[in-house]
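In structure tokens form, the structure reads like this:
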């Protein structure tokens, strides 16, 4: 009796899984156009990035001024 019961349980577990309905895809949970509101974590992560971008702008301006000074001194 036990082997028969074990066999039936095994056959029941081997049934084919139900396939998802491809005619009606699920609705998206969020919109890609939505922008997340600022949070403390996001602001903490963005602050050093903003600082680095400002420093890069300063370095770029100094490099441009140096190139202009070199060009003026060499007559180019």
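Numbering (the numbering used here), first residue to last: 0 to 75. Using N, Cα and C, we set each Cβ at its ideal position, and we do this for glycine too.
Q: Note the first and the last residue of the continuous alpha helix (DSSP H) segment covering residue 67.
A: Within the chain shown, numbered from 1, the residue matching residue 67 stands at position 68. Counting along the chain, the alpha helix (DSSP H) containing residue 67 begins and ends at 39-73.
Q) Do you know how far the Cα of residue 53 is from the Cα of residue 46? A) In the chain shown, the residue the question calls residue 46 occupies position 47. In the chain shown, the residue the question calls residue 53 occupies position 54. Roughly 11 Å between the two C-alpha positions.
Q: Report the rounded CA-to-CA distance for residue 27 versus residue 20, giving the unit in angstroms.
A: Position 28 of the chain shown, counted from the first residue, corresponds to residue 27. Position 21 of the chain shown, counted from the first residue, corresponds to residue 20. Separation of residue 27 and residue 20 (C-alpha to C-alpha, rounded to the nearest whole angstrom) is 16 Å.
Q. Where does the unbroken alpha helix (DSSP H) through residue 103 begin, and where does it stop?
A. Because the chain here runs from 0 to 75, residue 103 falls outside it and cannot be looked at.
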